[in-house]
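Chemist: Here it is, the structure, as structure tokens.
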Amino acid sequence: MDYPCTADLRPRAPMPPPPAAPKPPGQPITRRTALLALASTLGAVACGGGPSSGAAAPPPAPPPTGAPARLTLKGSQVLLPDGTPVVLRGMNEGTWGEMQGYDAPTLAGQGARVVRLLIRWWGLYGGNDVESRADTAPGHFDPAHLARLLQEIQWCIDAGLWVVVAIDSNCGQNGLQSAAMASYCDPAGTYPGGRNFWTDLSQRQLFKESWIYLAGLLKGTRNIACYELLPEPLAGRDSSYGAEVSAFYQELMAAIEDQAGDTRTPFLVGPRDAYNITLCDEAYIPDPRWANRVLYTGNLFIHPTGALDPDLATLDARLGALVTMKAARNVPVFIQQFGVRSGDDPNQVYLDAGLSRLDAAGIGYTGWQWRQNTTSPDEYAVVLTDPNTGQDVVKTAVLAVYSKYWRA
1 MDYPCTADLR PRAPMPPPPA APKPPGQPIT RRTALLALAS TLGAVACGGG PSSGAAAPPP
61 APPPTGAPAR LTLKGSQVLL PDGTPVVLRG MNEGTWGEMQ GYDAPTLAGQ GARVVRLLIR
121 WWGLYGGNDV ESRADTAPGH FDPAHLARLL QEIQWCIDAG LWVVVAIDSN CGQNGLQSAA
181 MASYCDPAGT YPGGRNFWTD LSQRQLFKES WIYLAGLLKG TRNIACYELL PEPLAGRDSS
241 YGAEVSAFYQ ELMAAIEDQA GDTRTPFLVG PRDAYNITLC DEAYIPDPRW ANRVLYTGNL
301 FIHPTGALDP DLATLDARLG ALVTMKAARN VPVFIQQFGV RSGDDPNQVY LDAGLSRLDA
361 AGIGYTGWQW RQNTTSPDEY AVVLTDPNTG QDVVKTAVLA VYSKYWRA
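This is the structure in structure tokens:
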């Protein structure tokens, strides 16, 4: 595998501690000129170009005076605040606490337009100090964790990026991912079907209050692309749970509008069975209240078997379900997690094939992922940390493929 670039991209001075009480992002954060220059320097990694987006649509009604910049949805289109159609392409900062202050300008310099950020709330996670739930704190968030999320959002905003904000909950989405997870979520063993947001409504209420609080902080913040309400609900559940997932999402959406007062930020939702993309149409919400307010998603990971043509046929079929939904329902769609492990795709054949198909279909996405809590070059991360030197190791060939399509 071609991962030749080992660079001192990451300053090792510790970050200042977060403020005691989190505040919504607002004022720009000063960064050293060297970090801004880094984004421009790494831009040389990218190559090629691609087709442009479609013809401009009539602009939407202007937002209220002084309202923060927001995307709007019109049929299957996503529109920038000036009414220009946009296909948002970018990357996940999916591993808690790994993002660095210079990542956002680096991604923007490579052509990315959007970053997906997640805060973890109630779940067993693979690392120390990842759980952000704190029931007695404001919004039921650990104040330091919430401040960290707001800092990462600000980094992205300062770099001109849009931000998908997600609250992830391994317990809330299912609670049965493993024996250890089941025990963590349900220590008394009271819920044989999993203790989650459908079986324990007291936890559902706390989670809803967390979203109300977070949306209240962010509704005055520019460049929030959408709220992803709960990733990957109810893995392994059958079609009888489809309506329950939809009702859950609509309950959260109504609370964010009616109690947090955010009536402008779009929502991102997906189907049961952990965002099974072939089931994406199940997630469709016909209630007129939510027309032009919801983007629909599904996971699109590629797991090569070594048989290229059958693998690509499977990819086409899975992506085709979302493409069909977009056209049939006239709704916007977005892939919030797309990727292939580097160890399974050493020459980036599958990565390029997947990105070219997303580009041709005009579907936005965030790749999985920029950084990861691993030193293995075989995983998804584009940027690793050398365990001996502490320097960033950039998979330049992988980044070049992403950048080619981000710049399209």
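Per full-length UniProt numbering, the sequence shown starts with residue 1, numbered consecutively. Just so it is clear, CB atoms sit at the ideal spot from N, CA and C, and this is done for glycine as well.
T95 to V383, Cα distance in whole Å?
Modeler: Position 95 of the sequence shown, counted from the first residue, corresponds to residue 95. Position 383 of the sequence shown, counted from the first residue, corresponds to residue 383. Roughly 12 Å separates the two Cα atoms.
Chemist: State the start and end residues of the unbroken beta strand (DSSP E) segment that holds G216.
Modeler: In the sequence shown, residue 216 corresponds to position 216, counting from 1. No beta strand (DSSP E) contains G216, which is instead part of the alpha helix (DSSP H) from L201 to L218.
Chemist: Between which residues of its own chain and R195 is the CB-CB distance below 6 Å, once the five residues before and five after are set aside?
Modeler: Taking the sequence shown and counting its residues from 1, the one referred to as residue 195 is at position 195. G175, C185 and D186.
Chemist: Between the beta-carbon of V163 and the beta-carbon of N92, is there less than 8 Å?
Modeler: Locating residue 163 in the sequence shown gives position 163, counting from the first residue. Locating residue 92 in the sequence shown gives position 92, counting from the first residue. Contact flag unset, no.
Chemist: Check whether the segment 305–320 and the segment 279–296 touch, using three or more Cβ-Cβ pairs below 8 Å as the test.
Modeler: no
Chemist: Compute the Euclidean distance between the alpha carbons of K326 and T389, then round it to the nearest angstrom.
Modeler: Numbered from 1 along the sequence shown, position 326 holds the residue referred to as residue 326. Numbered from 1 along the sequence shown, position 389 holds the residue referred to as residue 389. The alpha-carbon atoms of K326 and T389 are separated by roughly 47 Å.
Chemist: Between P332 and L88, which are expected to be in contact by the criterion C-beta below 8 Å, what is the C-beta distance as a whole number of angstroms?
Modeler: The sequence position of residue 332 within the sequence shown is 332, counting from 1. The sequence position of residue 88 within the sequence shown is 88, counting from 1. Their Cβ separation, rounded to whole angstroms, is 10 Å, which puts P332 and L88 out of contact at 8 Å.
Chemist: Is the beta carbon of W211 closer than 8 Å to that of L149?
Modeler: Residue mapping note: residue 149 aligns to position 149 of the sequence shown, counting from 1. Residue mapping note: residue 211 aligns to position 211 of the sequence shown, counting from 1. The Cβ atoms of L149 and W211 lie no closer than 8 Å to each other.
Chemist: Kindly identify the DSSP beta-bridge partner or partners of M91.
Modeler: Counted from its first residue, the sequence shown places residue 91 at position 91. In DSSP, M91 forms a bridge with V115 and G367.
Chemist: Relative to the ligand GTP, is the shortest distance from any of its heavy atoms to the C-beta of T72 smaller than 7 Å?
Modeler: This structure lacks the ligand GTP, and indeed carries no ligand of any kind.
Chemist: What do you reckon, are the CB atoms on P377 and D345 nearer than 8 Å?
Modeler: In the sequence shown, the residue the question calls residue 377 occupies position 377. In the sequence shown, the residue the question calls residue 345 occupies position 345. In this structure, P377 sits away from D345, with a CB-CB distance that is not shorter than 8 Å.
Chemist: Near V401, what residues of its chain come up, given a Cβ to Cβ distance below 8 Å and the 5 sequence neighbours on each side ignored?
Modeler: Working through the sequence shown from its first residue, we reach residue 401 at position 401. Taken in chain order, the residues that qualify are Q348, L351, D352 and L355.
Chemist: Count the other CB atoms within 10 Å of the CB of G160; is the residue buried (16 or more) or exposed (fewer)?
Modeler: Position 160 of the sequence shown, counted from the first residue, corresponds to residue 160. Answer is exposed; the Cβ neighbour count stays below 16.
Chemist: Determine the closest residue to N373 out of L107, V130 and W121, with distance taken between C-alpha atoms.
Modeler: By 1-based counting over the sequence shown, the position of residue 373 is 373. Nearest of L107, V130 and W121 to N373, Cα basis: V130.
Chemist: Does the separation of the CB atoms of W370 and D82 fall below 8 Å?
Modeler: Here residue 370 corresponds to residue number 370 of the sequence shown, with the count starting at 1. Here residue 82 corresponds to residue number 82 of the sequence shown, with the count starting at 1. The answer is no: Cβ separation not under 8 Å.
Chemist: Pick out the complete alpha helix (DSSP H) segments inside the segment 303–342, 4 residues or longer, and give them in chain order.
Modeler: 308–329
Chemist: Could you tell me if S132 is buried or exposed, where buried requires 16 or more neighbouring beta carbons within 10 angstroms of its beta carbon?
Modeler: As a first step, residue 132 must be located in the sequence shown, where it is residue number 132. Burial call: buried.
Chemist: Using DSSP bridges, identify the partner residues of C280.
Modeler: Locating residue 280 in the sequence shown gives position 280, where the first residue counts as 1. In the DSSP output, where bridge partners are listed per residue, C280 has none listed.
Chemist: Write down the C-beta distance between D200 and Y191 rounded to the nearest angstrom, noting that I regard them as a contact closer than 8 Å.
Modeler: On the sequence shown, residue 200 is found 200 positions in, with the first residue counted as 1. On the sequence shown, residue 191 is found 191 positions in, with the first residue counted as 1. That pair is a contact at about 7 Å.
Chemist: Determine the extent of the beta strand (DSSP E) in which W96 is found, giving its start and end residues.
Modeler: Within the sequence shown, residue 96 is the residue found at index 96, counting from 1. In the DSSP assignment, W96 falls outside any beta strand (DSSP E), carrying neither H nor E.
Chemist: Please determine, among L107, A134, Q177 and H145, the residue with the shortest C-alpha to C-alpha distance to residue 412.
Modeler: Residue 412 cannot be examined here, being either before or after the span of the chain that is shown, 1 to 408.
Chemist: Give me the Cα-Cα distance between P59 and T84, rounded to the nearest whole angstrom.
Modeler: As a working mapping, residue 59 is identified with position 59 in the sequence shown. As a working mapping, residue 84 is identified with position 84 in the sequence shown. For P59, the pLDDT reaches just 42, beneath the cut-off of 50, and the residue's location in the model is therefore unreliable, leaving the point undetermined.
Chemist: Any idea if Q27 is buried or exposed, counting beta-carbon neighbours within 10 angstroms, 16 or more meaning buried?
Modeler: The residue you call residue 27 lines up with position 27 of the sequence shown. Annotation note: pLDDT 40 at Q27 (below 50); position unreliable, coordinate value reported separately. Result: exposed.
Chemist: Quick one: what does DSSP say residue 416 is sitting in, helix, strand or coil?
Modeler: Only positions 1 to 408 of the chain appear in the structure, and residue 416 is not among them; the question remains open.
Chemist: Quick check on T297: buried or exposed, where buried means 16 or more other Cβ atoms within 10 Å of its Cβ?
Modeler: The residue given as residue 297 occupies position 297 in the sequence shown. Result: buried.
Chemist: Assuming the contact rule is C-beta atoms closer than 8 Å, R272 and L234 should be a hit. Round their C-beta distance to whole Å, please.
Modeler: As a first step, residue 272 is located in the sequence shown; it is residue number 272 there, counting from the start. As a first step, residue 234 is located in the sequence shown; it is residue number 234 there, counting from the start. Indeed they touch by this definition, with Cβ atoms about 5 Å apart.
Chemist: Considering only C-alpha positions, which residue in the set A112, L206 and Q173 is nearest to residue 409?
Modeler: Nothing about residue 409 can be read from this structure; the chain reaches only from 1 to 408.
Chemist: DSSP state of D168, grouped into three classes?
Modeler: Within the sequence shown, the letter at position 168 stands for residue 168. D168: strand per DSSP, three-state reduction.
Chemist: Just to confirm before moving on: does the CB-CB distance between R264 and A67 stay below 8 Å?
Modeler: Here residue 264 corresponds to residue number 264 of the sequence shown, with the count starting at 1. Here residue 67 corresponds to residue number 67 of the sequence shown, with the count starting at 1. In this structure, R264 places its C-beta atom within 8 Å of the C-beta atom of A67.
Chemist: Between A182, Q100 and Q205, which has its C-alpha nearest C156's C-alpha?
Modeler: By one-based count along the sequence shown, residue 156 stands at place 156. Ranking A182, Q100 and Q205 by Cα distance to C156 puts Q100 first.
Chemist: In terms of DSSP beta bridges, what is V163 paired with?
Modeler: On the sequence shown, position 163 is the one that residue 163 refers to. Bridge partners of V163: V115 and I224.
Chemist: For Y275, which residues of its own chain have a beta-carbon under 6 Å away from its beta-carbon, when the five flanking residues on both sides are left out?
Modeler: In the sequence shown, the residue the question calls residue 275 occupies position 275. Excluding the 5 residues flanking it on each side, Y275 has same chain C-beta neighbours closer than 6 Å at E232, G298 and N299, in chain order.
Chemist: Taking V294 as the reference, which of R318, I277 and P266 has the closest Cα?
Modeler: Counting from one through the sequence shown, the residue named residue 294 turns up at place 294. When each option's Cα is compared against that of V294, the closest is P266.
Chemist: Leaving aside the five residues before and after Q259 along the sequence, list all residues of the same chain whose C-beta is less than 7 Å from its C-beta, in chain order.
Modeler: Reading the sequence shown from its first residue, position 259 is the one you call residue 259. These residues qualify, in order along the chain: I212.
Chemist: Leaving out five residues on either side along the sequence, give the residues of the same chain with a beta carbon under 6 Å from the beta carbon of L206.
Modeler: As a working mapping, residue 206 is identified with position 206 in the sequence shown. Here the set comprises H140.
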